[in-house]
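Protein chains: 2
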Amino acid sequence: MVDLALNNSKAHELAKSQREISIAEFFERNRHLLGFDNKRKALLTTIKEAVDNSLDACEEADILPEIIVEITEMGADRFRVAIEDNGPGIVKEQIPKIFAKLLYGSKFHKMKMQRGQQGIGISAAVMYSQLTTGKPARIISKIGAGHPALYYELKINTQTNNPEIISEHVKDWGKESGTRIEIDLEASYNKGRQSVDEYIRETAIINPHVTLIYQPPKGEQLMLVRVTEKKPVQPVEIKPHPYGVEMGMLIKMLQVTTAKTVKQFMKEDFSRVSDKVAEEILENAQVLSKTKPKNVTREMAERIIEGIRNTKIMMPPTDCIVPIGSELLERGLKKEINAEFYATVSRTPNVYRGNPFLVEASLAYGGDIPSEGGIEVMRFANKVPLLYQQGACAINESVCQTNWKSYGLQQSGSNLPQGPLVLVVHIASVWVPFTSEAKEAIAHYPEIIKEIKLAIQEVGRDLGRYVNKKKKVKDEMKKRSYIETYIPHISEALKDILALSDFAESDIKDNLSYLLEHTRGKLDNLEFNPEANTEYDENLARIGREEEERDE
Amino acid sequence: MVDLALNNSKAHELAKSQREISIAEFFERNRHLLGFDNKRKALLTTIKEAVDNSLDACEEADILPEIIVEITEMGADRFRVAIEDNGPGIVKEQIPKIFAKLLYGSKFHKMKMQRGQQGIGISAAVMYSQLTTGKPARIISKIGAGHPALYYELKINTQTNNPEIISEHVKDWGKESGTRIEIDLEASYNKGRQSVDEYIRETAIINPHVTLIYQPPKGEQLMLVRVTEKKPVQPVEIKPHPYGVEMGMLIKMLQVTTAKTVKQFMKEDFSRVSDKVAEEILENAQVLSKTKPKNVTREMAERIIEGIRNTKIMMPPTDCIVPIGSELLERGLKKEINAEFYATVSRTPNVYRGNPFLVEASLAYGGDIPSEGGIEVMRFANKVPLLYQQGACAINESVCQTNWKSYGLQQSGSNLPQGPLVLVVHIASVWVPFTSEAKEAIAHYPEIIKEIKLAIQEVGRDLGRYVNKKKKVKDEMKKRSYIETYIPHISEALKDILALSDFAESDIKDNLSYLLEHTRGKLDNLEFNPEANTEYDENLARIGREEEERDE
Numbered sequence: 043m044v045d046l047a048l049n050n051s052k053a054h055e056l057a058k059s060q061r062e063i064s065i066a067e068f069f070e071r072n073r074h075l076l077g078f079d080n081k082r083k084a085l086l087t088t089i090k091e092a093v094d095n096s097l098d099a100c101e102e103a104d105i106l107p108e109i110i111v112e113i114t115e116m117g118a119d120r121f122r123v124a125i126e127d128n129g130p131g132i133v134k135e136q137i138p139k140i141f142a143k144l145l146y147g148s149k150f151h152k153m154k155m156q157r158g159q160q161g162i163g164i165s166a167a168v169m170y171s172q173l174t175t176g177k178p179a180r181i182i183s184k185i186g187a188g189h190p191a192l193y194y195e196l197k198i199n200t201q202t203n204n205p206e207i208i209s210e211h212v213k214d215w216g217k218e219s220g221t222r223i224e225i226d227l228e229a230s231y232n233k234g235r236q237s238v239d240e241y242i243r244e245t246a247i248i249n250p251h252v253t254l255i256y257q258p259p260k261g262e263q264l265m266l267v268r269v270t271e272k273k274p275v276q277p278v279e280i281k282p283h284p285y286g287v288e289m290g291m292l293i294k295m296l297q298v299t300t301a302k303t304v305k306q307f308m309k310e311d312f313s314r315v316s317d318k319v320a321e322e323i324l325e326n327a328q329v330l331s332k333t334k335p336k337n338v339t340r341e342m343a344e345r346i347i348e349g350i351r352n353t354k355i356m357m358p359p360t361d362c363i364v365p366i367g368s369e370l371l372e373r374g375l376k377k378e379i380n381a382e383f384y385a386t387v388s389r390t391p392n393v394y395r396g397n398p399f400l401v402e403a404s405l406a407y408g409g410d411i412p413s414e415g416g417i418e419v420m421r422f423a424n425k426v427p428l429l430y431q432q433g434a435c436a437i438n439e440s441v442c443q444t445n446w447k448s449y450g451l452q453q454s455g456s457n458l459p460q461g462p463l464v465l466v467v468h469i470a471s472v473w474v475p476f477t478s479e480a481k482e483a484i485a486h487y488p489e490i491i492k493e494i495k496l497a498i499q500e501v502g503r504d505l506g507r508y509v510n511k512k513k514k515v516k517d518e519m520k521k522r523s524y525i526e527t528y529i530p531h532i533s534e535a536l537k538d539i540l541a542l543s544d545f546a547e548s549d550i551k552d553n554l555s556y557l558l559e560h561t562r563g564k565l566d567n568l569e570f571n572p573e574a575n576t577e578y579d580e581n582l583a584r585i586g587r588e589e590e591e592r593d594e
Numbered sequence: 043m044v045d046l047a048l049n050n051s052k053a054h055e056l057a058k059s060q061r062e063i064s065i066a067e068f069f070e071r072n073r074h075l076l077g078f079d080n081k082r083k084a085l086l087t088t089i090k091e092a093v094d095n096s097l098d099a100c101e102e103a104d105i106l107p108e109i110i111v112e113i114t115e116m117g118a119d120r121f122r123v124a125i126e127d128n129g130p131g132i133v134k135e136q137i138p139k140i141f142a143k144l145l146y147g148s149k150f151h152k153m154k155m156q157r158g159q160q161g162i163g164i165s166a167a168v169m170y171s172q173l174t175t176g177k178p179a180r181i182i183s184k185i186g187a188g189h190p191a192l193y194y195e196l197k198i199n200t201q202t203n204n205p206e207i208i209s210e211h212v213k214d215w216g217k218e219s220g221t222r223i224e225i226d227l228e229a230s231y232n233k234g235r236q237s238v239d240e241y242i243r244e245t246a247i248i249n250p251h252v253t254l255i256y257q258p259p260k261g262e263q264l265m266l267v268r269v270t271e272k273k274p275v276q277p278v279e280i281k282p283h284p285y286g287v288e289m290g291m292l293i294k295m296l297q298v299t300t301a302k303t304v305k306q307f308m309k310e311d312f313s314r315v316s317d318k319v320a321e322e323i324l325e326n327a328q329v330l331s332k333t334k335p336k337n338v339t340r341e342m343a344e345r346i347i348e349g350i351r352n353t354k355i356m357m358p359p360t361d362c363i364v365p366i367g368s369e370l371l372e373r374g375l376k377k378e379i380n381a382e383f384y385a386t387v388s389r390t391p392n393v394y395r396g397n398p399f400l401v402e403a404s405l406a407y408g409g410d411i412p413s414e415g416g417i418e419v420m421r422f423a424n425k426v427p428l429l430y431q432q433g434a435c436a437i438n439e440s441v442c443q444t445n446w447k448s449y450g451l452q453q454s455g456s457n458l459p460q461g462p463l464v465l466v467v468h469i470a471s472v473w474v475p476f477t478s479e480a481k482e483a484i485a486h487y488p489e490i491i492k493e494i495k496l497a498i499q500e501v502g503r504d505l506g507r508y509v510n511k512k513k514k515v516k517d518e519m520k521k522r523s524y525i526e527t528y529i530p531h532i533s534e535a536l537k538d539i540l541a542l543s544d545f546a547e548s549d550i551k552d553n554l555s556y557l558l559e560h561t562r563g564k565l566d567n568l569e570f571n572p573e574a575n576t577e578y579d580e581n582l583a584r585i586g587r588e589e590e591e592r593d594e
C-alpha cells in the first residue's frame with residue numbers, strides 16, 4: 043500500500059499550494075495583455091487610457107472637451123505624463139477606486155457606445171507606473187466651481203486589488219471642473235508610426251469636436267483646435283436584444299429580475315419585446331405567460347431560447363450608437379490630409395450577438411500622399427485610434443480581402459493594396475469585441491467583417507470611378523497632344539500643295555482644331571461630369587452587386 | 043450658477059453607476075480572450091485545458107499519464123466531452139474551486155515549467171458550458187485506492203466568481219486514482235487543421251511518455267501509445283533572479299519578506315545571490331547590509347535596482363525547465379511523419395526578464411510530406427501544441443525572418459518558405475508570455491525571438507547540407523547515366539575501327555565503366571559521407587556565423 047499512501051499524500055500536498063490569484067497580480071505579470079509590452083507602447087497606452095476616460099466623461103456631462111497632454115522627460119527611460127480635462131470631475135469616494143482598482147467602473151454594465159468598456163485601463167497605467175518607478179499616481183479632481191479641488195496620491199495593492207491612499211488633501215486649482223492625472227513611468231518616446239504624436243493626430247481626426255493641447259517631450263506645444271462646436275449626439279443606453287441572449291445569460295437574468303411573470307420579464311428586461319412579441323415567444327416556447335421567473339427550469343429556458351429563434355423580432359434600436367457622420371468624418375480627414383479625391387460612407391447599423399454596431403469608412407487619394415508602398419489604414423473603434431496589432435485586426439482582414447484592382451489600385455494576392463491612399467475605418471458599437479484587454483485590434487466576427495467590407499466597397503467604387511476618369515482624361519490629353527503636334531505640319535503641307543496664302547493656312551489650323559474639339563468632345567466635360575454613366579461605371583456597378591451577393 | 047449645479051449633479055450621477063466588475067462577468071463577456079470565439083475553437087479549448095491539467099497533475103505526482111478523451115455528439119451544435127486521467131486526484135475541499143472559480147490554482151505563483159500557469163483555463167470551460175447549455179460540469183475524483191470517489195456537479199456564480207455546488211456525493215469508480223470531467227457545450231467538430239484530432243496528434247509527438255485514448259464523435263477510437271516508459275525529469279521550482287526584478291516588485295517583496303536584514307533578504311528571496319554577491323549589490327547600491335527590509339525607502343530600492351544592474355550575477359539555475367531532448371523529440375516526430383531527413387536541436391537555456399527558457403527545434407523533410415505550398419510549422423509551449431493565432435506568434439515571426447533560400451527551400455520575401463517540410467519549435471519556460479489568456483501565441487520578446495532563430499538556423503544548416511547533397515547526387519547520377527548510355531556505342535565503334543573480338547569489346551566496356559567510377563568517385567561516397575567538408579558546407583558555416591553576428 044505504499045502507492046496509495048504516496049498518491050494520497052500527493053493530492054494533499056498539491057492542495058497546499060492552491061490559492062486565489064488577485065486580478066491585479068495576474069495583470070501585473072501579464073502586463074503585455076494590457077498594452078504594456080515595451081517602453082514605447084507603455085507611453086502610448088498610458089496616454090490613450092487617460093484621454094479615453096476624459097473624452098467619455100466630457101461627453102456624458104455634455105461638455106465640449108478640451109484636453110491637455112504633457113510629456114516630460116525625467117531621465118533615461120523615465121517620463122512624467124500628465125493628462126488634464128475640463129470634464130465633470132469625480133466625486134471624492136470614487137477617486138481611489140477609479141484610478142487604483144482593476145475591473146472597476148461604470149461602463150462595463152452599460153449597453154451604449156463608449157470609449158472605455160472594461161474598467162481596467164487607467165488603473166493598469168497606475169499599476170505599471172508603480173511597478174517601474176515605485177511612485178504613486180497623482181490625481182486632482184474638482185466637480186464644480188463651488189467645490190474644493192481634491193488631491194490624491196494613489197497606489198494599488200496588487201495582492202488585494204484595492205487602492206492604497208498615500209496622501210489626500212484639498213488643493214487650489216483654478217479650473218471650474220475637471221480631472222488631472224500625473225504619472226511617472228519607465229517609457230520611451232519616438233516619433234512616427236504608432237507614436238503618441240500619431241495617436242493625437244488621429245484622435246483629432248475622429249473627434250472633430252475636441253480641442254487637444256499637446257506638449258511632446260521635445261519641441262513646441264501643438265494645439266489642435268476643434269473643427270466643430272457641435273457636440274456629438276448622446277448615445278442612449280439600451281437593454282439586451284433577445285437574439286443576442288444565450289442559455290446561461292437567460293438563466294442569470296431570470297434569477298435577478300424584479301418582474302413577477304416571465305411575460306413581464308420578457309417585456310421589461312429586453313429591448314424590442316412588445317406585449318404581442320412576448321406572447322408569441324412564450325407560445326413558441328410552450329411556456330405559460332404567468333410562470334414566475336424563478337420557477338423557470340433549465341428545460342423551459344432552453345425552450346424560450348428556441349422560442350426567441352422562431353419569433354420575428356424587430357432589430358434593436360440604434361440610438362445607442364452615434365456615428366461621426368460622413369460630413370464630419372470627411373472634414374476631419376481633409377483637415378489633416380491634403381489629397382485630390384475624398385469619399386466617405388456612414389452605413390446603417392447592424393447587429394452581432396444582439397449588439398448593435400455600425401461601420402463608417404472614408405478615403406483620401408493622391409495629392410500629398412506618397413504613392414510608393416502599401417496604403418495607410420487608420421483604424422478606429424468607438425472614436426479611439428487603434429495603432430497596434432493591425433495584422434490581427436478584422437479591419438485589416440477586410441481590407442486585404444477586398445479586390446482593390448477593380449478600384450484602380452495595385453494589389454498582389456490578399457495583401458494590402460499599393461498606392462497613394464489613406465483609408466479610415468471606424469466601427470462604433472455598444473460593445474466592441476477586442477482581441478485583447480489592450481484594445482488594439484477587433485476580433486473576427488463574421489457579421490462585423492461583412493459590414494466593414496461593404497463600407498470599403500462603397501468608397502472603393504467611388505474611388506474606382508475617379509481613378510478611371512483620371513486615367514481617361516490623361517489618355518485623352520495624350521492623344522490630343524499628339525494630334526495637336528501635327529496640326530501645324532499638316533496645315534503647312536496643305537498650304538504648299540494647294541499654294542494657299544498664310545491667312546488660309548491659319549484658317550486651316552483653326553478648322554482642324556475645331557474639328558478635334560468637335561469630334562473628341564470638350565476636355566472639361568470629361569473632367570467635371572462625375573455622373574456620366576460610362577461603360578466603366580456599369581462594370582463597377584456590376585462588380586459591386588456581385589461582391590454583395592458573394593458576401594451574403 | 044446653473045452650470046455649477048449641473049456639473050455637480052453630473053459627477054454625482056456618474057458616481058451612482060460605478061461599481062466592481064467580477065472577473066467571471068468580465069471573461070463571460072470577453073470569452074474570445076479565453077479561446078471561446080466560436081463553436082469549433084470552443085471544443086478544442088475545452089479539451090486542451092482539461093488535458094493540460096491532467097498532464098500537469100500526473101507529472102507532479104510522478105505518474106505515467108494515460109488520458110482518455112471522449113467526444114459525443116448530443117444534437118445540433120451540442121456536444122458532450124469527457125476527459126479522464128490516472129493522476130493523483132484532487133482533495134475534496136479543492137474540487138469546487140479548481141473547476142468553478144477563475145484565477146484559482148497552484149501554478150501562478152510557482153516559478154517552474156508547467157503547462158498551466160494562469161488558474162483560468164478549466165473554469166473558463168465550465169463557464170462556457172453553463173453559458174451555452176445551462177448545464178453544470180460533472181466531476182469525479184479519487185485520490186487513492188482506500189479513498190472514496192467523489193462526484194460533483196458544479197456551476198460558477200459569475201457575479202461573485204465563486205463555485206456553486208449543485209450536487210455532491212460518493213460514487214463507485216473502478217479507478218485507483220484519477221479525475222474525470224464531463225462537460226456539455228455548444229460546439230462544432232471538424233477534422234483537419236486546428237482540429238481536436240490535430241491537437242491529439244501533436245500532443246502525442248511532444249509528450250512521448252503519454253498514452254492517449256481518443257474517441258472522436260464519429261469513427262473509431264484512436265489509441266496513441268507512449269513511445270517511452272521513461273518519465274520526464276521533474277522541473278525544480280526556483281526563486282526570482284535579481285536581473286528580472288523591477289521597482290514595484292522589489293518594494294512588494296521587501297514588504298512581505300521574513301528576512302531580518304536587507305542582505306539576508308537578497309540572499310534568501312532571490313536565486314544566485316551568495317553572501318559575496320549580496321554584499322556587492324548593496325555596496326554598489328550604497329545601502330547598509332543591516333538595514334531592515336521594512337525601512338528600505340523608494341529611493342534606496344531604486345539604488346538597489348541600480349546596484350543589481352552593476353553587479354555580475356550568475357545566470358539563474360535551469361533545472362526549473364526540462365527540455366524534451368533531441369532524441370525523444372525526433373523519435374516522436376518520426377513516429378508521426380514519414381520523411382527522408384530529420385534534424386533536431388535542443389539549445390541550452392537562456393533568460394528573458396529573469397525567467398529561464400529554452401528552445402528546441404526539429405524538422406522533417408521530404409518523404410510523405412507534400413511538396414506544394416508553405417511548410418507546416420508546429421508550435422509548442424511547455425509541451426502544449428499551439429494551433430491558433432500562428433500569424434501573431436513569435437515562432438512564426440522567427441521562421442519568416444530566417445533566410446530559407448540558403449537551406450535550399452523557396453521563399454519569397456519574409457513569407458513562410460515553400461517545400462516538403464514540417465518544422466517543430468518548442469519553447470519551455472517557467473513563464474511563457476502568451477499574447478492572450480487563450481494561450482495561443484507567444485509574445486514578441488526579443489530574447490525569445492533570438493533563441494528561436496538560432497535553433498531554426500541550426501536545424502536549417504543540417505537541412506541545407508542534406509538538400510545540397512541530394513541535389514549533387516541527383517546531378518551526378520544524371521551525368522553518369524548520360525556517359526553510361528554512350529559506353530556501349532563507343533565500345534562498338536572501337537571494335538569496328540580496330541577490328542576487335544567480341545570479348546575485347548566487353549573488356550573495353552568494363553574498362554570504360556571502371557574509368558567512369560574511378561574518375562567521378564563512388565556514388566555511395568557522395569551519399570553516405572555527411573561529414574565531407576565541401577565548399578558548400580564552408581559557405582553554410584559562413585552564412586551561419588553571419589546570421590549569428592547579425593542577431594547580436
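Chains A and D, in that order, give the protein sequences.
So the first sequence is numbered by the numbering used here: it starts at 43 and just counts up by one.
So the second sequence is numbered by the numbering used here: it starts at 43 and just counts up by one.
Just so it is clear, CB atoms sit at the ideal spot from N, CA and C, and this is done for glycine as well.
The structure displayed is predicted, hence computed values, not measured ones.
{"query": "Inter-residue spacing [alpha-carbon to alpha-carbon] between E70/A and G161/D", "result": "15 angstroms"}
{"query": "Per-residue burial, T300/A [other beta carbons within 10 Å of its own, 16 or more giving buried]", "result": "exposed"}
{"query": "Supposed contact pair G286/A and N397/A - C-beta distance, whole angstroms, cut 8 angstroms", "result": "6 angstroms"}
{"query": "Pairwise C-alpha distance: E372/A and A497/A", "result": "14 angstroms"}
{"query": "Three-state class that DSSP yields for N199/A in the structure shown", "result": "strand"}
{"query": "S543/A to R522/A span [Cα, whole Å]", "result": "27 angstroms"}
{"query": "Chain-ordered residues of the segment 402 to 428 of chain A with a beta carbon less than 8 angstroms from chain D", "result": "none"}
{"query": "Cross-chain neighbours of V133/D in chain A, by beta carbon under 7 angstroms", "result": "A53, H54, A57"}
{"query": "G234/D classed as buried or exposed, judged by whether at least 16 other C-beta atoms fall within 10 angstroms", "result": "exposed"}
{"query": "Whether I223/A touches F141/A by CB criterion (8 angstroms)", "result": "yes"}
{"query": "Presumed contact (8 angstroms Cβ cut-off) between T114/D and P259/D, rounded CB distance", "result": "6 angstroms"}
{"query": "DSSP bridge partner residues for I363/D (one or two, in chain order)", "result": "Looking at the DSSP assignment, I363/D forms no beta bridge with any residue, so it has no partner."}
{"query": "Contacts of M291/A in chain D (Cβ-Cβ under 7 angstroms)", "result": "L173"}
{"query": "Partners in chain D for F399/A, counting only beta-carbon separations shorter than 9 angstroms", "result": "The premise fails here: F399/A is roughly 15 angstroms from chain D at the closest Cβ pair, so nothing lies under 9 angstroms."}
{"query": "Environment of K197/A [buried if 16+ CB atoms lie within 10 Å]", "result": "buried"}
{"query": "Spatial neighbours of V387/A in its chain, beta-carbon cut-off 6 angstroms, leaving aside the 5 residues before and after", "result": "A403, A497, E500, V501"}
{"query": "CB contact check: Q596/D to chain A, cutoff 8 angstroms", "result": "No answer is possible for residue 596/D: the residues shown for chain D start at 43 and end at 594."}
{"query": "Per DSSP, the bridge partner or partners of F383/D", "result": "Y407/D"}
{"query": "Proximity test, Cβ basis, 8 angstroms: A434/D and chain A", "result": "yes"}
{"query": "Proximal residues to S237/A (C-beta, below 6 angstroms), its chain only, five neighbours per side dropped", "result": "none"}
{"query": "Best match in F78/D, L540/D, N424/D, A423/D for proximity to E228/D [C-alpha to C-alpha]", "result": "F78/D"}
{"query": "Whole runs of the beta strand (DSSP E) within the segment 407 to 442 of chain D, excluding any shorter than 3 residues", "result": "418 to 423, 426 to 428"}
{"query": "Q499/D - containing alpha helix (DSSP H), residue span", "result": "488 to 540"}
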